[in-house]
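First comes the structure, then the notes that go with it.
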Amino acid sequence: DQQVKQNSPSLSVQEGRISILNCDYTNSMFDYFLWYKKYPAEGPTFLISISSIKDKNEDGRFTVFLNKSAKHLSLHIVPSQPGDSAVYFCAATEGAQKLVFGQGTRLTINP
Amino acid sequence: NAGVTQTPKFRILKIGQSMTLQCAQDMNHNYMYWYRQDPGMGLKLIYYSVGAGITDKGEVPNGYNVSRSTTEDFPLRLELAAPSQTSVYFCASSQLDQPQHFGDGTRLSIL
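First to last, the sequence lines map onto chains A and B.
Residue numbering for the first sequence follows our numbering, starting at 97 and increasing by one per position.
Residue numbering for the second sequence follows our numbering, starting at 11 and increasing by one per position.
In structure tokens form, the structure reads like this:
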């Protein structure tokens, strides 16, 4: 039972345009959501998070949107840069520290 | 500034052998975690610890053991290696309600 799903295994975006990565979840008890970025042969690094009491959180070029009624969150990257090419993981947690990860989306930024 | 250090980076084991994956953090974090990532999948929690002497099972604990005798170290033990344990293993640490910091992983193959 996949509680966190990223249905797009890959996404290709032109440099300078907006990248939108999507994530769906099934557990309504999740109350904190995170996005991690991962380069090859490295561990995931934290990017941005959002609490379930908010519907938007912004940090520089990165914005996360949360739609609780649809159990959906998205990560927007504007403008996209070549260094953004990586695998992005959505993760969720239920009031504790145990993260549940999605399968990841490989983002490629084309020059 | 080491963060989370995992050793070894690569290892090949024969079926039935045992080994210990090492994880150390220098951030004085109370929480530590072990995840595994199979190809094309997200990370799955194996075990976690909320402090020295306290450990608990995650989503996929079978075939593994852990101990936490110090704040800094959280080794993962495989007693009887099986092909299904071929994976990339990530260790992470955090403070309460803070994002987890990951090591760069141990790539383990069991033949």
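By construction, the Cβ of each residue, glycine as well, lies at the ideal position given by its N, Cα and C atoms.
Exposed unless 16 or more other CB atoms sit within 10 angstroms - verdict on residue i
i, result
"residue 20 (chain B)", "exposed"
"residue 22 (chain B)", "exposed"
"residue 80 (chain B)", "exposed"
"residue 174 (chain A)", "exposed"
"residue 143 (chain A)", "buried"
"residue 135 (chain A)", "exposed"
Proximal residues to residue i (C-beta, below 7 Å), its chain only, five neighbours per side dropped
i, result
"residue 200 (chain A)", "102, 183, 184, 185"
"residue 73 (chain B)", "88, 92, 95"
"residue 38 (chain B)", "81"
Sheet register partners of residue i (DSSP bridge)
i, result
"residue 45 (chain B)", "B:55, B:100"
"residue 117 (chain B)", "B:20, B:98"
"residue 82 (chain B)", "DSSP output for residue 82 (chain B) lists no bridge partner at all."
"residue 153 (chain A)", "A:160"
"residue 106 (chain B)", "BP columns for residue 106 (chain B) are empty, so no partner."
"residue 77 (chain B)", "None, per the DSSP bridge assignment."
Cα-Cα separation, residue i to residue j
i, j, result
"residue 119 (chain B)", "residue 91 (chain B)", "10 Å"
"residue 115 (chain B)", "residue 118 (chain A)", "26 Å"
"residue 116 (chain A)", "residue 27 (chain B)", "44 Å"
"residue 88 (chain B)", "residue 16 (chain B)", "15 Å"
"residue 30 (chain B)", "residue 169 (chain A)", "37 Å"
"residue 172 (chain A)", "residue 107 (chain A)", "13 Å"
"residue 34 (chain B)", "residue 59 (chain B)", "13 Å"
"residue 163 (chain A)", "residue 131 (chain A)", "15 Å"
"residue 32 (chain B)", "residue 78 (chain B)", "11 Å"
"residue 102 (chain B)", "residue 166 (chain A)", "30 Å"
"residue 147 (chain A)", "residue 195 (chain A)", "14 Å"
"residue 122 (chain A)", "residue 129 (chain A)", "13 Å"
"residue 5 (chain B)", "residue 150 (chain A)", "In this structure chain B extends from 11 to 121, so residue 5 (chain B) is not present and cannot be described."
Contacts around residue i, its chain only, beta-carbon distance under 6 Å, and the 5 residues preceding and following it disregarded
i, result
"residue 205 (chain A)", "109, 111, 176, 178, 180, 181"
"residue 13 (chain B)", "111"
"residue 48 (chain B)", "97"
"residue 76 (chain B)", "57, 65, 86"
"residue 36 (chain B)", "12"
"residue 133 (chain A)", "141, 143, 182, 184"
"residue 126 (chain A)", "188, 190"
Any C-beta of chain E under 8 Å from that of residue i
i, result
"residue 109 (chain B)", "Going by chain labels, chain E is absent from the structure shown, which instead holds the protein chains A and B."
Residue i Cβ short of 7 Å to the ligand GTP heavy atom set
i, result
"residue 117 (chain B)", "As far as ligands go, the structure on display features none, and thus does not contain the ligand GTP."
Against chain B: residues of the stretch 191–204 of chain A by CB proximity under 9 Å:
193, 194, 195, 196, 197, 198, 199, 200
Name, going along the chain, the residues of the stretch 136–151 of chain A whose beta-carbon falls closer than 8 Å to a beta-carbon of chain B.
137, 138, 139, 140, 141, 142, 145
Of the residues that make up the stretch 58–81 of chain B, which ones have a beta carbon closer than 7 Å to any beta carbon in chain A?
58, 68
For the stretch 116–130 of chain A, enumerate the residues whose C-beta is nearer than 7 Å to any C-beta of chain B, in chain order.
130
Selection of the stretch 178–192 of chain A by Cβ proximity to chain B, strictly under 7 Å:
185
Quick one: which residues of the stretch 43–56 of chain B get their C-beta closer than 9 Å to a C-beta of chain A? List them in chain order.
43, 45, 47, 50, 51, 52, 53, 54, 55
Below 7 Å between beta carbons is the criterion; list the residues of the stretch 93–105 of chain B that meet it against any residue of chain A, in chain order.
100, 104
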